[in-house]
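See below for the structure under consideration.
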Amino acid sequence: MKVGFFQFFPLLGKKEENVERAISSLRGARADLLVLPELFSTGYLFGSEEETKRSAEFIPDGPTFAKLAHAAAREKVNLVYGIAEKEGEKLFNSSVLVTPKGDFSVYRKLHLFNLEKLWFSPGDKELEVFDVDGVKVGMMICFDWIFPETARILALNGADIICHPSNLVLPHLCQKAMITRCVENGTFAITANRTGAEKKEELELSFTGMSQVVDPKGDVLAKADESSEGVWTVDIEPTMARSKKVTPRNHLLEDRRTEFYQKGDLC
Ligand code: ACM
Numbered sequence: 008m009k010v011g012f013f014q015f016f017p018l019l020g021k022k023e024e025n026v027e028r029a030i031s032s033l034r035g036a037r038a039d040l041l042v043l044p045e046l047f048s049t050g051y052l053f054g055s056e057e058e059t060k061r062s063a064e065f066i067p068d069g070p071t072f073a074k075l076a077h078a079a080a081r082e083k084v085n086l087v088y089g090i091a092e093k094e095g096e097k098l099f100n101s102s103v104l105v106t107p108k109g110d111f112s113v114y115r116k117l118h119l120f121n122l123e124k125l126w127f128s129p130g131d132k133e134l135e136v137f138d139v140d141g142v143k144v145g146m147m148i149c150f151d152w153i154f155p156e157t158a159r160i161l162a163l164n165g166a167d168i169i170c171h172p173s174n175l176v177l178p179h180l181c182q183k184a185m186i187t188r189c190v191e192n193g194t195f196a197i198t199a200n201r202t203g204a205e206k207k208e209e210l211e212l213s214f215t216g217m218s219q220v221v222d223p224k225g226d227v228l229a230k231a232d233e234s235s236e237g238v239w240t241v242d243i244e245p246t247m248a249r250s251k252k253v254t255p256r257n258h259l260l261e262d263r264r265t266e267f268y269q270k271g272d273l274c
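Be aware that the sequence shown starts at 8, since it is given in my numbering, and climbs by one per residue.
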């Protein structure tokens, strides 16, 4: 299976331009699964809930879904991308998995980062895993990385590959942590981050790039630098994520002592 990510510098508020740039970069990528950054079509630093609402779209009845579904069909690739989603009066920071046949699944970010709490509602969907040609694919978004429960629940639900659209701003902590997430859960992870910076009034955010594909042993199979744009791909053997044995007597999921993990809400 060939998997990878698209890393680039989306321009704030330039939705058509960002979507066109992503789609033309995917042309001829010959991959089975590609992940795009969080909020890839709009940029990140919304000034207000009103601005977020203007950028947000219904799924699947929005123009970005239609364009990405068309690209997925044309390139015969499963795409995962981050988008501002509208449902009724609510706005979510979401990611979408769309297959070449147009089947799709939506995940809504559970752990909102900083100002996102002013612009979005927290996710209200379970951490589901989607079957892509026999490979189990789960999604989480950016800051979800700092809550190890997110990747753990995806692994318990059977995820072989965790797709992780991101707009990372903390200096490379996540890229390091995702190696641990893969080792502790025995999964692959594809973190698709963005590059560049955005400024709104006094606030400036710099995004850290360094998107990566990590395997269940913690090896980084593909890695972008901080500022380059493009598609990176690598061949993986997804069944590597099915063996959770660390030693003949240790299993990553079955050896958990859940009866001792009952403090507070932790399970
Ligand atoms: C983030 O969750 N976009 C930092």
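Cβ coordinates follow ideal geometry from the N, Cα and C atoms, glycine included.
Source: prediction; values computed, not measured.
Subject >> Where E244 falls: helix, strand or coil (DSSP) >> reply: coil
Original post:
Can you tell me whether Q182 is buried or exposed, with buried defined as 16 or more other CB within 10 angstroms of its CB?
Top reply: buried
Original post:
Cα separation between G20 and S101?
Top reply: 17 Å
Subject >> Residues sharing a beta bridge with S168, DSSP >> reply: Note that residue 168 is Ile in the sequence shown, not Ser. Partner(s): V144 and F195.
Subject >> Buried versus exposed, by CB contacts within 10 Å (16 or more), H171 >> reply: buried
Original post:
Cβ-heavy atom distance between E45 and ligand 1 below 7 Å?
Top reply: yes
Original post:
Would the beta-carbon of N174 be found less than 7 Å away from any heavy atom of ligand 1?
Top reply: yes
**OP:** Give every residue of the same chain whose Cβ lies closer than 6 Å to the Cβ of M8, excluding the five residues on either side of it in the sequence, and list them in chain order.
**Re:** D39, I243 and P245
Original post:
How big is the Cα-Cα spacing for I148 and T254?
Top reply: 31 Å
**OP:** Assuming I1 and V42 form a contact by the criterion Cβ under 8 Å, report the distance between their Cβ atoms to the nearest whole angstrom.
**Re:** This structure does not reach residue 1, given that the chain is present from 8 up to 274, and the question cannot be answered.
Original post:
Is the distance from the Cβ of E247 to the Cβ of D222 below 8 Å?
Top reply: Sequence check: residue 247 is Met here, not Glu. Yes, Cβ-Cβ distance for M247 and D222 is below 8 Å.
Original post:
Which of the three DSSP states, helix, strand or coil, is assigned to T71?
Top reply: helix
Subject >> Top-ranked residue by Cα proximity to G237, from S32, P17 and E24 >> reply: S32
Subject >> Residues of its chain near K97, where Cβ-Cβ distance is below 7 Å and the 5 sequence neighbours each way are ignored >> reply: S128
Subject >> Nearest residue (CA-CA) to H118, options M146, Q269 and E82 >> reply: M146
Original post:
Could you give the distance in angstroms between the alpha-carbon of R201 and the alpha-carbon of E24?
Top reply: 15 Å
Original post:
Would G95 be called buried (16 or more neighbouring beta carbons within 10 Å of its own) or exposed?
Top reply: exposed
Original post:
Between the Cα of L104 and the Cα atoms of K143, L260 and E27, which residue gives the shortest distance?
Top reply: K143
**OP:** Could you tell me the boundaries of the alpha helix (DSSP H) in which I30 lies?
**Re:** K22 to L33
Original post:
The beta strand (DSSP E) with D229 in it runs from where to where?
Top reply: One point to set straight first is that residue 229 is Ala, not Asp, in the sequence displayed. Element bounds for A229: V227 to K230.
Original post:
Can you give the Cα-Cα distance for G109 and A79, rounded to whole angstroms?
Top reply: 8 Å
Original post:
Taking the continuous alpha helix (DSSP H) assigned at K124, which residues delimit it?
Top reply: E123 to W126
Original post:
Start and end of the beta strand (DSSP E) containing A204?
Top reply: A204 to K207
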